[in-house]
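Numbering (the numbering used here), first residue to last: 27 to 666.
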């Protein structure tokens with residue numbers, strides 16, 4: 027048992043540190059993680075050893091874009107799996123060095139603080155506890171926040187910047203200081219120079235005088251370069267390993283800023299000012315605008331030494347009280363959902379009576395309430411979508427618990443409430459069409475699907491009809507947006523299609539608009555994400571989609587593969603592994619592909635064994651609920 031725990035510990039970065047958060051919902055590193063300690067036959071071991079040989083010195087990440095907002099995109103990168111395994115070795119060797127370098131700053135609001143426990147027995151609210159992939163948060167607040175399973179490190183202090191703004195610490199700072207200025211770094215990760223890690227922890231002279239020497243910073247620098255085509259300008263965006271890399275550099279800047287303020291301006295942290303930094307967002311507190319300007323100037327100066335610069339369009343100043351329109355909007359939205367929750371817990375519902383007209387108005391007015399609040403406080407839906415979808419999920423859980431008959435007043439009340447929640451959720455998803463909102467929507471539909479057997483067929487058909495209509499509209503919108511921005515991949519669209527395929531099955535996939543979208547994607551250029559997303563849908567009805575499946579497989583098998591390309595190119599490696607793992611391809615087809623690249627003549631039994639441990643995709647959808655549960659908490663840091 028102890029050995030298994032140690033093996034799992036060593037490779038745990040695969041689950042929490044090496045992948046971006048925004049991915050197709052059927053994709054993950056669980057197979058790679060569990061395959062490291064799974065006992066397999068000698069023949070399968072030999073075959074896997076050929077595939078999982080050491081990565082090339084230079085690897086090319088799989089780059090894809092996600093929507094940042096209605097007009098902008100963010101480029102994310104999926105590091106080559108062979109290099110991800112090397113990052114596991116790096117963590118095991120340098121975990122204490124990482125912690126030491128992340129303890130230097132008094133300003134940081136989010137940084138690794140300790141090694142996380144291997145297991146967590148229970149999560150709060152008695153929710154399911156087998157969530158993987160979110161970090162553990164250590165908090166100084168009364169309620170300690172824990173994710174449902176831990177990551178490699180536990181973190182101080184806040185998982186999201188908004189939690190700082192709602193914390194007692196923020197209120198204490200507001201009591202002490204009358205002025206606040208907020209600044210952030212423009213394109214922080216894209217602007218980081220990898221060699222500057224050593225500058226931030228030691229010095230430029232040390233870096234120059236120790237070229238070729240093996241030490242913590244040099245090892246980290248080298249891995250980050252190798253992960254990104256040996257680039258020194260800019261680091262891959264998405265994985266936690268990049269955020270820790272940036273955090274170490276920014277902590278060095280924090281220390282330099284604090285020192286200069288004390289020595290040159292005689293300004294003391296905690297007395298004359300306070301700075302709080304959440305990743306690349308700075309909040310500067312003081313009692314005079316003069317001090318704020320001095321502090322901002324010093325921050326800019328030290329950032330510029332690392333070729334990092336302030337985003338001028340986001341510099342904002344506030345006078346006490348530090349209440350923004352966004353915080354007011356969140357408060358108003360929370361109150362609106364709370365009113366609906368009180369209705370669900372009200373006397374009529376408890377006693378199995380139909381909701382009164384006032385109660386129906388409270389629940390029925392959810393969507394208009396959201397729209398009015400967003401308009402009133404002049405905020406974007408994207409700024410509140412995460413917390414709003416979370417509150418809607420909480421309302422659904424509460425509603426589900428209060429159903430005690432399938433066709434009476436309880437079920438009628440449930441049906442009415444769920445339809446109103448769905449209308450609100452799909453509105454949010456359409457207006458803020460991002461990967462994170464597709465996760466929230468999938469999670470919501472998963473909760474609702476669990477009630478299929480608890481309500482009458484009539485009510486369930488109404489729910490399915492509404493979901494089907496709304497999902498088709500969402501897919502059409504996502505497809506239009508993907509064309510408009512000329513992207514090769516649209517994870518937003520893929521997740522909407524997967525969500526429909528998983529929750530509604532063939533009935534959804536055979537709708538004319540959905541078939542048209544699937545056909546047009548299939549006719550376009552093939553990518554790895556397209557391949558796995560389309561195949562997941564087509565496998566729901568192999569006979570109906572036989573021609574599309576054949577076309578997709580022909581394109582996949584015609585893709586250029588060779589040994590060097592697989593070891594160097596992340597997309598090629600993922601593609602190759604999930605051709606071997608695909609349940610619809612014959613063993614002969616898989617053998618031909620393997621022989622073309624590695625030679626030999628593996629047996630059917632060996633190939634079948636390897637197919638079960640080599641893939642990154644949940645082809646049957648049996649683990650989608652598990653994947654949704656591990657993404658139920660908001661990401662600890664999101665590209666916003």
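Glycine included, every Cβ here is placed at the ideal spot set by N, Cα and C. Bear in mind that the values here come from a model prediction, so they are computed numbers and not experimental data.
- Tell me, please, whether the stretch 455-472 touches the stretch 76-93 by the rule of three or more beta-carbon pairs shorter than 8 Å. Contact between the stretch 455-472 and the stretch 76-93 is present: three or more C-beta pairs spanning the two stretches fall below 8 Å.
- Query: Between the stretch 311-318 and the stretch 370-378, do at least 3 Cβ pairs fall closer than 8 Å?
  - Reply: The stretch 311-318 and the stretch 370-378 do not touch, with fewer than 3 CB-CB distances between them shorter than 8 Å.
- Where does residue 248 sit, in a helix, a strand or coil, going by DSSP? Locating residue 248 in the chain shown gives position 222, where the first residue counts as 1. Assignment of residue 248 by DSSP, reduced to helix, strand and coil, places it in the helix class.
- Message: Within a Cβ cutoff of 8 Å, which residues of the same chain sit near residue 494, ignoring the five residues on either side of it in sequence?
- Response: In the chain shown, residue 494 corresponds to position 468, counting from 1. These residues qualify, in order along the chain: 526, 530, 533, 534, 537.
- Can you give the Cα-Cα distance for residue 592 and residue 105, rounded to whole angstroms? The residue given as residue 592 occupies position 566 in the chain shown. The residue given as residue 105 occupies position 79 in the chain shown. Residue 592 and residue 105 have their C-alpha atoms roughly 13 Å apart.
- Message: What does the alpha-carbon distance come out to for the pair residue 282 and residue 127?
- Response: Indexing the chain shown from 1 puts residue 282 at position 256. Indexing the chain shown from 1 puts residue 127 at position 101. A direct Cα-to-Cα measurement between residue 282 and residue 127 gives close to 14 Å.
- Query: In terms of residues, what are the limits of the alpha helix (DSSP H) holding residue 300?
  - Reply: Taking the chain shown and counting its residues from 1, the one referred to as residue 300 is at position 274. Element bounds for residue 300: not the alpha helix (DSSP H) but the beta strand (DSSP E), 299-304.
- Query: In whole angstroms, what is the alpha-carbon distance linking residue 543 and residue 397?
  - Reply: On the chain shown, position 517 is the one that residue 543 refers to. On the chain shown, position 371 is the one that residue 397 refers to. When rounded, the separation of the alpha-carbon atoms in residue 543 and residue 397 is 30 Å.
- Burial state of residue 385 (16 or more Cβ within 10 Å): Walking along the chain shown from the start, residue 385 turns up at place 359. Buried: at least 16 other Cβ atoms inside 10 Å.
- Message: Quick check on the DSSP output: what are the complete beta strand (DSSP E) runs of length 3 or more inside the stretch 65-99, in order along the chain?
- Response: Assignment of beta strand (DSSP E) within the stretch 65-99, counting only whole runs of 3 or more residues, yields 88-93 in chain order.
- Query: In chain order, what residues of the same chain lie with their CB nearer than 6 Å to the CB of residue 362, ignoring the 5 residues before and after it?
  - Reply: What you label residue 362 is simply residue 336 of the chain shown in a count that begins at 1. Answer for residue 362: 395, listed in chain order.
- Query: Is it true that the CB of residue 564 sits closer than 8 Å to the CB of residue 496?
  - Reply: As a working mapping, residue 496 is identified with position 470 in the chain shown. As a working mapping, residue 564 is identified with position 538 in the chain shown. Result no, Cβ atoms of residue 496 and residue 564 do not sit closer than 8 Å.
- Item | For residue 643, the residue or residues it bridges with in DSSP | If you number the chain shown from 1, residue 643 lands on position 617. Beta-bridge pairing links residue 643 to 53.
- Query: Cα separation between residue 609 and residue 88?
  - Reply: Within the chain shown, the letter at position 583 stands for residue 609. Within the chain shown, the letter at position 62 stands for residue 88. Using only the alpha carbons, I get a separation of about 24 Å.
- Message: Can you list, in chain order, the residues of its chain with a C-beta nearer than 6 Å to that of residue 637? Leave out the 5 residues immediately preceding and following it.
- Response: Looking up residue 637 in the chain shown gives position 611. Within the same chain, residue 637 has close Cβ partners 606, 607.
- Limits of the beta strand (DSSP E) - the one that residue 181 falls within: In the chain shown, residue 181 corresponds to position 155, counting from 1. Where residue 181 is concerned, the enclosing beta strand (DSSP E) stretches over 179-183.
- Determine the DSSP secondary structure at residue 307, reduced to helix, strand or coil. Position 281 of the chain shown, counted from the start, is the residue given in the question as residue 307. It is a strand residue.
- Query: From which residue to which residue does the beta strand (DSSP E) around residue 343 run?
  - Reply: By one-based count along the chain shown, residue 343 stands at place 317. First-last of the beta strand (DSSP E) with residue 343: 342-345.
- Query: Taking three-plus beta-carbon pairs below 8 Å as touching, is the stretch 347-367 in contact with the stretch 320-335?
  - Reply: Short answer: they don't touch.
- Message: So, at 6 Å on beta carbons, what are the nonlocal neighbours of residue 640 in its own chain, with the 5 sequence-adjacent residues on each side left out?
- Response: Taking the first residue of the chain shown as position 1, residue 640 is located at position 614. Within the same chain, residue 640 has close Cβ partners 603, 606, 607.
- Message: Quick check on the DSSP output: what are the complete alpha helix (DSSP H) runs of length 4 or more inside the stretch 369-426, in order along the chain?
- Response: As far as the stretch 369-426 is concerned, its whole alpha helix (DSSP H) runs of at least 4 residues are 373-376, 383-390, 392-402.
- Message: Closest to residue 76 by C-alpha separation, out of 84, 63, 108, would be which residue?
- Response: The sequence position of residue 76 within the chain shown is 50, counting from 1. Per the Cα distances, 108.
- Task: List the endpoints of the continuous beta strand (DSSP E) containing residue 141.
- Result: Sequence index remark: in the chain shown, residue 141 carries index 115 (1-based). Residues 136-141.
- Message: Since residue 596 and residue 209 should fall inside the 8 Å C-beta cutoff, what is the C-beta to C-beta distance between them, to a whole number of angstroms?
- Response: Here the question's residue 596 lines up with position 570 in the chain shown. Here the question's residue 209 lines up with position 183 in the chain shown. Between residue 209 and residue 596 the Cβ distance is about 34 Å, and since that is not below 8 Å, they are no contact.
- Item | Outcome for residue 299 when other beta-carbon atoms lying within 10 angstroms are tallied against a minimum of 16 | Here residue 299 corresponds to residue number 273 of the chain shown, with the count starting at 1. Residue 299 comes out buried.
- Task: Return helix, strand or coil for residue 515, following the three-state DSSP convention.
- Result: Working through the chain shown from its first residue, we reach residue 515 at position 489. Shown here, residue 515 sits in coil according to DSSP, grouped into three states, outside any helix or strand.
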